[in-house]
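Colleague: Under full-length UniProt numbering, the letters of the sequence shown match residues 1 to 367, in that order. Cβ coordinates follow ideal geometry from the N, Cα and C atoms, glycine included. Note that the coordinates shown come from a computational prediction; the quantities given were computed from them, not determined experimentally. So that we are looking at the same thing, I have put the structure below in structure tokens.
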Amino acid sequence: MALHNPNNWHWVSKNTSQWAQEWFQETLTQLEAQDGEVTAKISKVLSMDGDVDVSQRKGKVITIYDVKLVLEYSGSAPEADEVSGTITIPEVAHDTEENDFVFDIDIHSESKEKQPVKDLIRSKLVSQLRKELLKLGPAMIAEHGKDIQHAAGSNPSSGFSTPKVHAPTGTAPRSEPPASTQKNSGSTVNTTSLSEQEEFRTTAAELYQTFTDPQRLAAFTRAAPKRFDGAKVGGSWELFDGNVAGEYKELQEPTKIVQTWRLKQWPAGHFSQQTLSFDQNDVDGVTVLRVEWSGVPIGQEEVTKRNWDEYYIRSIKKTFGRFGVVRFTNILGKGALEAVSPVLNLEGKTLDINGNSCSLIDLAIET
1 MALHNPNNWH
11 WVSKNTSQWA
21 QEWFQETLTQ
31 LEAQDGEVTA
41 KISKVLSMDG
51 DVDVSQRKGK
61 VITIYDVKLV
71 LEYSGSAPEA
81 DEVSGTITIP
91 EVAHDTEEND
101 FVFDIDIHSE
111 SKEKQPVKDL
121 IRSKLVSQLR
131 KELLKLGPAM
141 IAEHGKDIQH
151 AAGSNPSSGF
161 STPKVHAPTG
171 TAPRSEPPAS
181 TQKNSGSTVN
191 TTSLSEQEEF
201 RTTAAELYQT
211 FTDPQRLAAF
221 TRAAPKRFDG
231 AKVGGSWELF
241 DGNVAGEYKE
251 LQEPTKIVQT
261 WRLKQWPAGH
271 FSQQTLSFDQ
281 NDVDGVTVLR
291 VEWSGVPIGQ
301 EEVTKRNWDE
311 YYIRSIKKTF
321 GRFGVVRFTN
331 ILGKGALEAV
341 SPVLNLEGKT
351 LDINGNSCSL
361 IDLAIET
């Protein structure tokens, strides 16, 4: 369903992962270095793992990406005519600063004769890579920003859809012995149980709010909830244009949420029970989110985990920062902040955003 987006008000997003991989291949393979008889050049992008999106809300175009790159290089030295290896960059993200990039350089069949090539890469090629990697965001906006933003006064359909949940690709191994539950219609559904856990560098209270505050839900799902009766026992909710739905059954702020949870493609009327436990570790400064489902239909295990990982965990980390905290590096702007909360405050301080004074509360802000 195309999203009607008058005046560029709603959050819309375009996946540009394929374009980004091609951009890396074209751009980075132009890089080379030489020092006397020692040479080195980037020959290929072996892999790119992660997500790359260009997004727009309330007239502001932003980039959100976090990928791992593996590059292949070739070179030569006085005592080694053919030298090759890989450069692994564990994280290329929209909020990575130039000096924060990490480069793991490996040589195939490493020997002392090949070491000058590795030294050259470290001394001269890495600095080129740092500068080129920073150009991804601006290049993506220049290429794709116009696709998700309308001219002033226009009111066309944007052509982008609410994220759709994945359909199952096959039957996954069962996590627990199957059980049988009754749907509302009276028919039996064979079910199983699942469990997941993920670590966030934030407080339990902040993470709890991410699953109960409609504005935070809207931020990481990139659209207002289709239904939200409130964070209360018996309050129903629908996210992702109704593709995911449930009802709060137990709320123990900030440590536990019990709710029903279902994917739209599941048998009609069938809900699993999902328990979210927020375990804060003050020593390490992290909160572990433990997720347990019971009543997941047999055959839906893989797709359930995949949707949870992609549309909840990864989206939360991309929206609020790599560890679940709000970052203001590339998404700073009144529109982007309003997607998270209409008023952000921290320790009574104020933040001026495009001429709008906002009080800061409750959200961890990492600079």
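1) So if DSSP puts residue 33 in a beta bridge, which residue, or which two residues, is it bridged to?
2) When DSSP labels each residue in this structure, what does residue 118 get in the three-state scheme?
3) In whole angstroms, what is the alpha-carbon distance linking residue 276 and residue 94?
4) Would you call residue 307 buried or exposed, if buried means 16 or more other Cβ atoms sit within 10 Å of its Cβ?
5) Flag this pair as touching only if the stretch 194 to 201 and the stretch 277 to 296 have three or more C-beta atom pairs under 8 Å; answer yes or no.
6) Just mark residue 20 as buried or exposed, buried being the case when its beta carbon has 16 or more other beta carbons within 10 Å.
7) How about the stretch 97 to 107 and the stretch 47 to 67: do they share at least three Cβ pairs that are nearer than 8 Å?
8) Could you tell me the alpha carbon to alpha carbon distance between residue 147 and residue 15, rounded to whole angstroms?
9) To the nearest angstrom, how far is the alpha carbon of residue 239 from that of residue 221?
10) For residue 289, which beta-bridge partners are listed by DSSP?
11) Taking only the alpha-carbon atoms, compute the straight-line gap between residue 109 and residue 122 and give it to the nearest angstrom.
12) Between residue 271 and residue 189, what straight-line distance do the alpha-carbon atoms span, to the nearest angstrom?
13) Closest to residue 207 by C-alpha separation, out of 84, 64, 316, would be which residue?
14) With contact counted as at least three CB pairs below 8 Å, one residue from each stretch, are the stretch 61 to 70 and the stretch 128 to 146 in contact?
15) When the Cα of residue 45 is compared with those of 26, 52, 191, which residue comes out closest?
16) Check whether the Cβ atoms of residue 50 and residue 117 sit closer than 9 Å, and answer yes or no.
17) What residue from 132, 125, 211 has the CA that sits closest to residue 23's CA?
18) For the alpha helix (DSSP H) containing residue 124, name the first residue and the last one.
19) Excluding five sequence neighbours on each side, which residues of the same chain lie with their C-beta closer than 6 Å to the C-beta of residue 80?
20) Just mark residue 127 as buried or exposed, buried being the case when its beta carbon has 16 or more other beta carbons within 10 Å.
21) Could you have a look at residue 158 and say whether DSSP puts it in helix, strand or coil?
22) Given this structure, state the Cα-to-Cα distance separating residue 268 from residue 17, to the nearest angstrom.
23) When you compare each of 71, 66, 13, 37 to residue 31 by their alpha carbons, which one comes out closest?
Modeller: Based on what the coordinates show:
1) 40
2) helix
3) 29 Å
4) buried
5) yes
6) buried
7) Short answer: they don't touch.
8) 11 Å
9) 7 Å
10) 198, 278
11) 18 Å
12) Between residue 271 and residue 189, the alpha-carbon positions lie close to 10 Å from each other.
13) 316
14) yes
15) Residue 45 has its Cα closest to that of 26, out of 26, 52, 191.
16) no
17) 132
18) It is not in any alpha helix (DSSP H) - residue 124 carries neither H nor E in the DSSP assignment.
19) 113, 114
20) exposed
21) With a pLDDT of 31 at residue 158, under the threshold of 50, the modelled position of this residue cannot be trusted, and the question is left open.
22) 34 Å
23) 71
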